[in-house]
Every structure is written in structure tokens, then in C-alpha cells.
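S.K.: My structure is below; once you've seen it, I'll send some questions.
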Amino acid sequence: MGKQTPFYQLHQNSGAKIVDFGGWDMPLHYGSQIEEHHQVRQDAGMFDVSHMTIVDVKGEQAKDFLKYLLANNVEKLQQPGKALYSGMLNTNAGVVDDLIVYYLGENDYRMVVNASTREKDLAWIESHTSAFNVSTRLREDVAMLAVQGPQAREKMSAILSPDDAHAAMNLGIFFGSQIGTLFIARTGYTGEDGFEIMLPLAEVDSIWQKLIEAGVKPCGLGARDTLRLEAGMNLYGNDMDETISPLEANMSWTVAMEPSDRDFIGRSVIEQQKSEGIKNKLVGLVLEGKGVLRAHQKVIIPDVGEGEITSGTFSPTLKMGIAMARVPKATQNSALVEIRGKQVPVKVVKAGFVRHGKSVL
Numbered sequence: 002m003g004k005q006t007p008f009y010q011l012h013q014n015s016g017a018k019i020v021d022f023g024g025w026d027m028p029l030h031y032g033s034q035i036e037e038h039h040q041v042r043q044d045a046g047m048f049d050v051s052h053m054t055i056v057d058v059k060g061e062q063a064k065d066f067l068k069y070l071l072a073n074n075v076e077k078l079q080q081p082g083k084a085l086y087s088g089m090l091n092t093n094a095g096v097v098d099d100l101i102v103y104y105l106g107e108n109d110y111r112m113v114v115n116a117s118t119r120e121k122d123l124a125w126i127e128s129h130t131s132a133f134n135v136s137t138r139l140r141e142d143v144a145m146l147a148v149q150g151p152q153a154r155e156k157m158s159a160i161l162s163p164d165d166a167h168a169a170m171n172l173g174i175f176f177g178s179q180i181g182t183l184f185i186a187r188t189g190y191t192g193e194d195g196f197e198i199m200l201p202l203a204e205v206d207s208i209w210q211k212l213i214e215a216g217v218k219p220c221g222l223g224a225r226d227t228l229r230l231e232a233g234m235n236l237y238g239n240d241m242d243e244t245i246s247p248l249e250a251n252m253s254w255t256v257a258m259e260p261s262d263r264d265f266i267g268r269s270v271i272e273q274q275k276s277e278g279i280k281n282k283l284v285g286l287v288l289e290g291k292g293v294l295r296a297h298q299k300v301i302i303p304d305v306g307e308g309e310i311t312s313g314t315f316s317p318t319l320k321m322g323i324a325m326a327r328v329p330k331a332t333q334n335s336a337l338v339e340i341r342g343k344q345v346p347v348k349v350v351k352a353g354f355v356r357h358g359k360s361v362l
């Protein structure tokens, strides 16, 4: 038996199929992964994301600490509640993890990092605090729920008081705020609008039930994976890890090289990679025939070289096989994928296939 989130019994009560995910007992689906996927694309669904790791960072050197720890620059965060996506890099510029950091105040930040890497991430963060006047706090006193879909914000707001609903509906994209007893952020991992909500443990049962009554349906890890892949969002351990530079993982935009005097972990290697050029890039693939693209399938680019699928699935929205793959930088518009001994043609596109329910191909 793995770790259990505060929603575990509610998953059981809702008939979830429970699977191991990074040491956590999590719902794969509640009957139909495909129906849950379409629920989020067309209406509103909710995901238990309490296995994610929430760390508050405070102190007079909190900003300096995060400027050093993260490849993106928290100096960009000027408005309270504003969020930033970044990677934590090791000294070889591999991705220790990707995360979201919120600016709550001049000396007050909140980070949300991945579940399967919790112990490693916490150890990495703590190993760099000694040089700074900063404190960290693991927030195990709150649960976390993602409500996603074109109707997600309205249905979530319907269970709040009028004042709290007004505040929630007025949140900007990639902003979070303490609204009543809830920390509500307009973020997500599905390519749809919605909220990610941190809530007191005492409110887990009531919030879950109120959302169900508002027409928000529980969804599992299966739908979460197909949704994020359609949106072209990386999954740690698949599309990047400690051996992969952000420059080879579609994360170049999260590496802030300016100002030039900001030192961050891995910077010197990133500078070298930028100077010498990278060998590989992360792209999207679209299967032009029948079949399903899966992780670790070989990608062949004639006269260029070979690569590998990092994440693949059958897209319920597009009704075709899609994938993300790491391929040689010189790869252009077409390739072949080895499926059951056969080489099947695929179209090479920018990673990201669906946004707000619509194809972006």
C-alpha cells in the first residue's frame, strides 16, 4: 500500500480504480478514462493533486535564494499572487524538477513541485538553504484539487460566497490568491482554463461534495495524462529528467539568462550549450495512419539520425495518435516511427496539439 491523499476514501466511495503513482495510491479512472477526458475538454472535471508537494519559502533572502535555485528569474514576479513556471537544474544543467512558484509577498513565496520526486526535491531544496537567511515549510496541512475545463471557473465559483466567487472569477491567468479559507490559482495541467485549489484538510469532504453537486465530475490520472499530452505539457521522468537540459526539453523559455550577473545552478553549462548548440530537441509527432504512439518507440529521421518517443497516446480529442519525441536538432517535417517492426510515417510538429478544446495543428 502506498501513501494516501486526504481524498483517498472519497475516491474509494466514487468507485475509482486505484493504482500506484510514484508511491501514492491514486485514481486511474472512475469508470471511463475517455469520458473523463471529454468531460474536461467540454465541461468541467476535478483531479486530486494532493500528492503534489507544496513548500513555502520565507525570509529576508527568500528572493535571492530562489534566484539562485531556479533557472527562471523570480525577479519577474512583481504583483502579489503572480506565478512563474521554472525548472530546478543540477550543476550539469539537468532538470531536477519543474515547478510553479507564487509570489505572495516581498519575503514570501510558495512552490508547488511534483509528487514522484518529493523526497529528492525536498533534499535538493534544503541542501541549498544554508547559504541564505531563509526558511522552508512543507505544507502537509492542506490538500490540493484541480478543477479544469471550459465551465470549471463558473462551477467552482458557484460553491463560494458571492464575494469569494467574485474574487476567484477576477483572478488573472497564472495568478493565485488566498480567498477565504482557500488558496485559489488560475493554473492547470490540461490545456483548459480552471483553478488549482489548496484547501484545509477539514474542508476536503465538503468541497468535494459541493463540486459534485455543481456538476464537476471526478477524473483520474489516465485522463490527466492524455489531456496534458494533447496540450504539449511535459511530464517529469518522461519528457525531461536529471540528464536532460531544459534546452532539449522545450523549456528554453523558462531559462532567464538576463540579467547576465544572476548566478543560478547550472548556468555555466547552459551558457556552454547555447554557445556550442544542442544536439536534440523535443517535438510533437502526429501519426498519419492507424496505430498508437507509445513512449520509447524509436523515431527514425532518414539521412539525419534517430530519436525516441518520450510520451505517446491516442488523442481522444483529435482521434489520432500523437506523441512528443526527442529527436536530432536537424529534424524537419517528417519522420518514421518503429511500431511492431514496421516503420510508420509521422508528421513532425511543434509540441502541443489541443488548446481550449480546439486543434492547433
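The numbering used here numbers the first residue of the sequence shown as 2 and each following residue consecutively.
Glycine included, C-beta positions come from ideal geometry on N, C-alpha and C.
Let's see if you can read the secondary structure: which residues bound the beta strand (DSSP E) around H30?
M.R.: Position 29 of the sequence shown, counted from the start, is the residue given in the question as residue 30. H30 -> beta strand (DSSP E) spans W25 to H30.
S.K.: How do the region 127-134 and the region 144-158 stand: do at least 3 beta-carbon pairs fall below 8 Å, yes or no?
M.R.: These segments do not touch.
S.K.: Could you name the residues that DSSP lists as bridge partners for Q344?
M.R.: Taking the first residue of the sequence shown as position 1, residue 344 is located at position 343. Answer is E339, bridged to Q344.
S.K.: Is the beta carbon of A336 sitting closer than 8 Å to the one on V293?
M.R.: For the purposes of this step, residue 336 is taken as residue 335 along the sequence shown, with counting starting at 1. For the purposes of this step, residue 293 is taken as residue 292 along the sequence shown, with counting starting at 1. Judged by beta-carbon spacing, V293 lies beyond the 8 Å limit of A336, meaning their Cβ atoms are not closer than that value.
S.K.: Determine the burial state of A224: buried for a count of at least 16 other Cβ atoms within 10 Å of its Cβ, exposed for fewer.
M.R.: In the sequence shown, counting from the first residue as 1, residue 224 sits at position 223. With 16 or more other Cβ atoms within 10 Å, it is buried.
S.K.: Below 7 Å CB to CB, which residues in the same chain sit around T244 once its five sequence neighbours on both sides are set aside?
M.R.: The count along the sequence shown starts at 1 and reaches residue 244 at position 243. Same-chain partners within the cutoff: G95.
S.K.: In this structure, what does DSSP give as the bridge partners for L146?
M.R.: Taking the sequence shown and counting its residues from 1, one reaches residue 146 at position 145. Beta-bridge pairing links L146 to D49 and I198.
S.K.: What do you reckon, are the CB atoms on H30 and G192 nearer than 8 Å?
M.R.: Residue mapping note: residue 30 aligns to position 29 of the sequence shown, counting from 1. Residue mapping note: residue 192 aligns to position 191 of the sequence shown, counting from 1. Cβ atoms of H30 and G192: not closer than 8 Å.
S.K.: Output yes or no for whether 8 Å exceeds the beta carbon distance between N239 and S178.
M.R.: Along the sequence shown, one-based indexing puts residue 239 at 238. Along the sequence shown, one-based indexing puts residue 178 at 177. Going by C-beta atoms, N239 is not nearer than 8 Å to S178.
S.K.: Restricting to runs no shorter than 4 residues, where is the alpha helix (DSSP H) found entirely within the region 34-79?
M.R.: 34-43 and 63-70
S.K.: Using DSSP's beta-bridge definition, name the partner residues of P219.
M.R.: One-based indexing of the sequence shown puts residue 219 at position 218. Paired residues: M47.
S.K.: Under 8 Å by Cβ, that's how I've got P329 and I302 pegged, so tell me the actual separation to the nearest angstrom.
M.R.: Position 328 of the sequence shown holds residue 329. Position 301 of the sequence shown holds residue 302. Rounded, the Cβ-Cβ distance is 6 Å, consistent with contact.
S.K.: Relative to the alpha-carbon of V114, which residue among V58, Q10 and V305 has its alpha-carbon at the smallest distance?
M.R.: Walking along the sequence shown from the start, residue 114 turns up at place 113. Here the closest residue by C-alpha is V58.
S.K.: Within 10 angstroms of its Cβ, does N281 collect 16 or more other Cβ (buried), or is it exposed?
M.R.: Sequence index remark: in the sequence shown, residue 281 carries index 280 (1-based). With at least 16 other beta carbons inside 10 angstroms of its own, N281 counts as buried.
S.K.: Quick check: what's the CA-CA separation for E307 versus G278?
M.R.: As a working note, residue 307 is residue 306 in the sequence shown. As a working note, residue 278 is residue 277 in the sequence shown. Using only the alpha carbons, I get a separation of about 18 Å.
S.K.: Can you tell me the Cβ-Cβ gap for V349 and L286, rounded? I've got them flagged as a contact below 8 Å.
M.R.: For the purposes of this step, residue 349 is taken as the residue at position 348 of the sequence shown. For the purposes of this step, residue 286 is taken as the residue at position 285 of the sequence shown. Right, their Cβ atoms sit about 6 Å apart.
S.K.: Here's a check: name, in chain order, each residue in its chain whose Cβ is nearer than 6 Å to the Cβ of G23, leaving out the five neighbours to either side.
M.R.: Against the sequence shown, residue 23 aligns to sequence position 22. Take G23, set aside five residues on each side of it, and the residues of its chain with a beta-carbon closer than 6 Å to its own are A116 and S117, in chain order.
S.K.: Answer yes or no: the CB of E36 versus the heavy atoms of the ligand MN, is any distance below 7 Å?
M.R.: In the structure shown, the ligand MN is absent, as is every other ligand, since no ligand is present at all.
S.K.: Within the same chain, show all residues whose beta-carbon is closer than 6 Å to that of I160, passing over the 5 residues directly before and after it, in chain order.
M.R.: Locating residue 160 in the sequence shown gives position 159, counting from the first residue. Hits under 6 Å: K211 and A215.
S.K.: Count the other CB atoms, across all protein chains shown, that sit within 10 Å of the CB of S269; report buried if there are 16 or more and exposed otherwise.
M.R.: What you label residue 269 is simply residue 268 of the sequence shown in a count that begins at 1. Its Cβ having fewer than 16 others within 10 Å, S269 is exposed.
S.K.: Rounded to whole angstroms, how far is the Cβ of A326 from the Cβ of V284, which I believe are closer than 8 Å?
M.R.: On the sequence shown, position 325 is the one that residue 326 refers to. On the sequence shown, position 283 is the one that residue 284 refers to. Right, their Cβ atoms sit about 6 Å apart.
S.K.: For the candidate residues H167, I266 and Q298, whose alpha-carbon lies nearest to that of G181?
M.R.: Position 180 of the sequence shown, counted from the first residue, corresponds to residue 181. Between G181 and the set H167, I266 and Q298, the nearest pair of CA atoms involves H167.
S.K.: Does the separation of the CB atoms of G358 and K218 fall below 8 Å?
M.R.: Residue 358 sits at position 357 when you count from the first residue of the sequence shown. Residue 218 sits at position 217 when you count from the first residue of the sequence shown. G358 places its beta carbon 8 Å or farther from that of K218.
S.K.: Taking just the CA atoms, how far does K320 sit from Y69?
M.R.: In the sequence shown, counting from the first residue as 1, residue 69 sits at position 68. In the sequence shown, counting from the first residue as 1, residue 320 sits at position 319. Y69 and K320: Cα-Cα distance of roughly 43 Å.
S.K.: Do V75 and L67 have their beta-carbon atoms positioned less than 8 Å apart in this structure?
M.R.: Numbered from its first residue, the sequence shown carries residue 67 at position 66. Numbered from its first residue, the sequence shown carries residue 75 at position 74. The answer is yes: Cβ separation under 8 Å.
S.K.: Just the Cα atoms here: how many angstroms apart are G322 and L288?
M.R.: In the sequence shown, residue 322 corresponds to position 321, counting from 1. In the sequence shown, residue 288 corresponds to position 287, counting from 1. One C-alpha to the other measures close to 5 Å.
S.K.: Using the rule of at least 16 other Cβ atoms within 10 Å of the residue's Cβ for burial, across every protein chain shown, is R42 buried or exposed?
M.R.: For the purposes of this step, residue 42 is taken as residue 41 along the sequence shown, with counting starting at 1. Buried, because 16 or more other Cβ atoms sit within 10 Å of the Cβ of R42.
S.K.: Is the Cβ-Cβ distance between G82 and F176 less than 8 Å?
M.R.: Along the sequence shown, one-based indexing puts residue 82 at 81. Along the sequence shown, one-based indexing puts residue 176 at 175. In terms of Cβ geometry, G82 and F176 form a close pair [threshold 8 Å].
S.K.: Opposite I19 in the DSSP bridges: which residues?
M.R.: As a first step, residue 19 must be located in the sequence shown, where it is residue number 18. Partner(s): P28.
S.K.: Consult DSSP for I266 and reduce its assignment to one of helix, strand or coil.
M.R.: Working through the sequence shown from its first residue, we reach residue 266 at position 265. DSSP places I266 in coil when its eight states are reduced to three.
S.K.: So is A63 buried or exposed if we call it buried at 16+ other beta carbons inside 10 Å?
M.R.: Here residue 63 refers to the residue found at position 62 when the sequence shown is read from its first residue. With a 10 Å radius around the Cβ and a threshold of 16 neighbouring Cβ atoms, A63 comes out buried.
S.K.: Taking R187 as part of the alpha helix (DSSP H), name the residues at either end of that continuous run.
M.R.: To locate residue 187, count along the sequence shown from 1; it is residue 186. Careful: R187 lies outside any alpha helix (DSSP H) and carries neither H nor E.
S.K.: Would a C-beta distance cut-off of 8 Å place L183 and D49 closer than the cut-off?
M.R.: Position 182 of the sequence shown, counting from 1, holds the residue named residue 183. Position 48 of the sequence shown, counting from 1, holds the residue named residue 49. No, the Cβ-Cβ distance between L183 and D49 is not below 8 Å.
S.K.: My output table needs one value for L85: the three-state DSSP class, helix, strand or coil.
M.R.: Translated into the one-based positions of the sequence shown, residue 85 becomes position 84. Of the three classes helix, strand and coil, the one that applies to L85 here is strand, per DSSP.
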